[in-house]
Each structure stands twice: as C-alpha cells, then as structure tokens.
Amino acid sequence: MSKQVTAPAVRARKGNGDPLVMVTAYDAPTARMVDEAGVDMILVGDSVAMVVLGYDDTLSVTTADMAHHVGAVARTKPRALVVGDLPWMSYHVSVEDTVRNAASLVRAGAQAVKLEGGRKRVKMIEAIVDAEIPVMGHIGLTPQSIHAMGGFKVQGKTVDAAMTLVEDAEALVEAGCFAIVLEGVPDAVARMVTDAVPVPTIGIGAGPHCDGQVLVFHDLTGMEDRITPKFVPRYASLKHDGTNAVARFVADVRTRQFPAPDESYHLADDVAEILGLYAGSAA
Ligand code: KIV
90 MSKQVTAPAV RARKGNGDPL VMVTAYDAPT ARMVDEAGVD MILVGDSVAM
140 VVLGYDDTLS VTTADMAHHV GAVARTKPRA LVVGDLPWMS YHVSVEDTVR
190 NAASLVRAGA QAVKLEGGRK RVKMIEAIVD AEIPVMGHIG LTPQSIHAMG
240 GFKVQGKTVD AAMTLVEDAE ALVEAGCFAI VLEGVPDAVA RMVTDAVPVP
290 TIGIGAGPHC DGQVLVFHDL TGMEDRITPK FVPRYASLKH DGTNAVARFV
340 ADVRTRQFPA PDESYHLADD VAEILGLYAG SAA
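Residue numbers (my numbering): 90 to 372.
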C-alpha cells in the first residue's frame, strides 16, 4: 500500500514531471471512490454549495457546513491529502477568526486548508501557517469574488492582469503556501505563473502547463449535467445512469415485477401451515 500523501510531499513534487491530481469530494462514498482511483489530493471544496446544496454560487456555505463535509471525507481515512476549503468570510474579518476557522476544518479532519486571493491574503496565510496548518492558495478566477469580478470570467487576459497573477503567486509562496490553484486563466499565463514559483500549481481551466490538475467530481463524472465548462471532459454519465436506474425501479414497482420471490423473505412451510396459510403461496 502506498504512503499517506502529506503537504510537504505535494510541495516536493514541483518540477518532477509527475503531474499531481486533485478531485473534489464532499461525502464518504465519493471520498472512497476518488481515493481508490488514486488521486493525490481530495479537495472538500466550497463548490459543495453549487453541486450538492443547490445554491447558484459558493457564497452561502459557512465554516460549519465545510467542517461537516470535511468530517465525512476524513472519516474514510483516505491515502490522499484532505484539503478543506475555507468559505467566503471565514478569512476576511480578522486574523483570530481566520486561524480559528482554519483550525475547525483541521479538527474536522482536514490536513491542509485552501483560500482564495493573492497579495491581500498574505497576513491571513502567514497566521494560518504560523499555527502549523498547511495552506493552498487559489488565484485567477476565484468564485468567491463572483460579484467583484462581474461573473465567472476568465482572468489574466491583459498584460497587467497576467503580471499581477505572477506577483500574487510569488506573494503566496512568500507567505508560505505549499501549492497554488490556478483557475480560469489562459494557458500561457498559467505557464508564466508555473515557471515563476517553486511550489506546484494545480490548474482548473488553466491549460496543460500546470504542475497538476483539479476537477470537480460532479463535473467529470457527469453527475452534474446542466453546465459543461469547456475544460471539463466527461468520463461518465452518472446523472443519466442514475436516472435510468431509478426509472427502471419505478417501472418494476408499478408492473409488480419488484419485489420478485428472490427479493422477499419467506416463512418456513411448517410455520405457514400452522398459521393456516398455503405453504406454496405463503412461501
Ligand atoms: O471549491 C472547489 O471545488 C474549488 C475548485 C474548483 C478548485 O475551489
């Protein structure tokens, strides 16, 4: 059995040519699936808000919500590193609040936390790292900034914006991040950032030049089929297959095909006889 993945081990993978893989999970069965599939990291992302809890954006989930989902994933004791996403407003108010919120994800079972934003997050990242909690950064299209960005829009498309992303990534490294998610940026900009920093970049909608890739479980398995971002390959059709499975059950119940004799418990013939039942029909 291969070894438990740790934050230092992830950081050490920078530049070794072996891409890192991270996939989201928010519950125990999904955590078991992605861990058995061999991912390096499981992200308990605040995307849970959109793909599981039915919200239109990620802003409604709280630290308590995230701890609840982190706990479900961590209780499966995966080999992969469990990264807990700090939700919006959990690291924006004060350093004390930030460290306490990061600690509650760790107490729920996270081995690292992730937060969104560049240079303006340095103070908070330093405080979390100081509390011995590994931090993953996240820059580019940061969904918690949906209102400030004016929607889910590709970032870093101008010279200034590309340079700002590189500077933000460098600031995150300086603050102590062991890895950085790069979301929704042009592939050439992701390459600039990846070349500029000594920690792995994990891309989502950021092209092939990152040190690793992350996708949302519900997107890559087709459990979510309403929106298909350009960068998501569909490896399965879980929504379609699940709907078909339930539709077959509905039909079987309505046509009395279910439950069949093999799917029922039966009385012993002598008991049925004492009860005055026909052994054949009661069995
Ligand atoms: O919450 C999430 O799933 C994420 C990924 C998109 C990186 O932050």
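Heads up, the beta-carbon is just placed ideally off N, CA and C, and yes, glycines get one too.
Only a predicted model underlies this, so the values are computations on that prediction, with no experimental measurement involved.
So for Leu-170, helix, strand or coil by DSSP?
strand
Going by CA-CA distance only, name the one from Ile-316, Arg-337, Ala-334 that's closest to Val-374.
Given a span of 90 to 372 for the chain in the structure shown, any question on residue 374 remains unanswerable.
Check each candidate in Thr-332, Met-225, Gly-207, Thr-187 and name the one with the smallest Cα separation from Met-213.
Thr-187
Closest to Lys-209 by C-alpha separation, out of Glu-221, Pro-167, Glu-263, would be which residue?
Glu-263
From Val-248 to Leu-132, what does the alpha carbon distance come to, in whole angstroms?
31 Å
Say the cut is 6 Å; is the CB of Val-270 nearer than that to a heavy atom of the ligand KIV?
yes
Please classify Val-335 as buried or exposed, where buried requires at least 16 neighbouring CB atoms within 10 angstroms.
exposed
Please confirm if the stretch 156-175 is in contact with the stretch 92-100, defined as three or more CB-CB distances below 8 Å between the two stretches.
yes
Considering Gly-71, what are the terminal residues of the beta strand (DSSP E) in which it resides?
Residue 71 lies beyond the residue range present for the chain, which begins at 90 and ends at 372; the question has no answer from this structure.
Any idea if Thr-119 is buried or exposed, counting beta-carbon neighbours within 10 angstroms, 16 or more meaning buried?
buried
Distance cut-off 6 Å: Val-195 Cβ against heavy atoms of the ligand KIV:
no
Gln-244 and Gly-198 look like a contact to me (Cβ under 8 Å); what is the Cβ gap, rounded to whole Å?
That belief does not hold up - the Cβ atoms of Gln-244 and Gly-198 are roughly 31 Å apart, past 8 Å.
So does the stretch 103-113 actually touch the stretch 283-303, counting three or more Cβ pairs closer than 8 Å?
yes
Considering Cα atoms alone, identify which of Asp-129, Ala-153, Glu-125, Gln-200 is closest to Ala-138.
Ala-153
Kindly indicate the opening and closing residues of the alpha helix (DSSP H) around Met-122.
117-125
How is the alpha helix (DSSP H) around His-298 delimited, first residue to last?
Looking at the DSSP string, His-298 is not in any alpha helix (DSSP H), and its letter there is neither H nor E.
Proximity test, Thr-113 beta-carbon vs the ligand KIV heavy atom, cut-off 6 Å:
yes
Mapping the DSSP letters down to three states, classify Ser-185 as helix, strand or coil.
Before going further, note that residue 185 is Glu rather than Ser in the sequence given. Reduced to three states, the DSSP call for Glu-185 is helix.
Looking at Ser-91 and the ligand SAH, is the gap between the Cβ and the nearest heavy atom below 6 Å?
With respect to small molecules bound, the structure shown includes the ligand KIV and not the ligand SAH.
Does the contact criterion of 3 or more C-beta pairs under 8 Å hold for the stretch 266-285 versus the stretch 223-243?
yes
Alpha carbons only, please: which of Leu-148, Asp-135, Gly-143, Arg-345 is nearest the one belonging to Ala-156?
Asp-135
Straight-line CA distance for Ala-163 to Ala-117?
8 Å
Which class does Val-270 belong to by DSSP, given the choice of helix, strand or coil?
strand
Between His-329 and the rest of its own chain, which residues show a CB-CB distance below 8 Å, the 5 nearest in sequence each way excluded?
Gly-311, Asp-314
For Phe-338, count neighbouring C-beta atoms within 10 Å of its own C-beta (all shown protein chains included) and say buried if the count is 16 or more, exposed if not.
exposed
Buried or exposed: Ala-372, going by 16 or more other Cβ atoms within 10 Å of its Cβ?
Residue confidence is low: Ala-372 scores 41 on pLDDT, short of 50, so the model does not pin down where it sits. No coordinate-derived value is stated.
Coarse secondary structure for Gly-160, derived from DSSP in three states:
helix
Is it right to say Gln-346 is buried, meaning 16 or more other beta carbons lie within 10 angstroms of its own, or is it exposed?
exposed
Which residue marks the beginning of the beta strand (DSSP E) containing Met-111, and which one marks its end?
109-113
Unbroken alpha helix (DSSP H) run spanning Val-334, endpoints
In the sequence under discussion, the amino acid at residue 334 is Ala, which differs from the Val named in the question. Per DSSP, Ala-334 belongs to the alpha helix (DSSP H) from 327-343.
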